[in-house]
Every structure is written in C-alpha cells, then in structure tokens.
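Since the structure comes first, as structure tokens, the remarks are kept for the end.
Residue numbers (the working numbering): 29 to 124.
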C-alpha cells in the first residue's frame, strides 16, 4: 500500500516563484531518482495563490522519512521554511 505525503505551504509572496521552482524540480527529479517516490503533484489555491499543496506518493512512510532526513540534514528544509508565513504542515495518508 502506498503512502501519500501531503504538505501544506503558505509562502511569503516574494518567495512564491522560488518555491514553485523548487517544487517543479522535485516533480521532475523524485519519481526518477528519489528512492521510493513514484509521483509528485503540486497544487495552487485558486483563492490564495500563496497557498501551495505538495502531494507525493511513496512506497512507505519510512521511505519518505529517509528522504526528508537527508533534506533536513543538508539545510535545504530550513531554507524552505524561511520562505513561509507559517510552518509547513506534513500529513501522511494511505492510498486505499
């Protein structure tokens, strides 16, 4: 059973293009090179374009957590958080 990661971002307006560029890179890179990630979707709120939802399909929660630990250790996650109005919210769902 796949694990679906959903991250809700509320980005500062001046960083929107930067975040979208990062997420576009993830859409291209992760399904081919991220061990255990098979799909990435990026959704933008119609009413508030600074609200972004990232959805990733992983083989397991553990596979994503290993990926996240690497991003966190590199400092990349802290750079993303610095672009936000609020702390990004991560949730996992089972694909049923």
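Built from N, CA and C at the ideal position, the CB exists for glycine as well.
- In the structure shown, residue 63 adopts coil according to DSSP, grouped into three states.
- Residue pairing of residue 117 in beta bridges, as defined by DSSP: 36.
- In this structure, DSSP gives residue 122 an extended state, which the three-state scheme calls strand.
- About 5 Å separates the beta carbon of residue 51 from that of residue 70, a gap short enough to meet the 8 Å contact definition.
- When C-beta atoms of the stretch 99 to 112 are compared with those of the stretch 68 to 85, fewer than three pairs fall below 8 Å, so the two segments do not count as touching.
- A distance below 6 Å between beta-carbons, with the five flanking residues on each side excluded, links residue 92 to the following residues of its chain, in chain order: 33 and 86.
- From the listed residues 113, 95, 114 and 88, the smallest Cα separation to residue 123 is found for 88.
- Of all C-beta pairs linking the stretch 60 to 68 to the stretch 110 to 119, fewer than three are shorter than 8 Å, placing the two stretches out of contact.
- Taking the Cα of residue 108 as reference, the smallest distance to any Cα among 30, 44, 94 and 83 is reached at 44.
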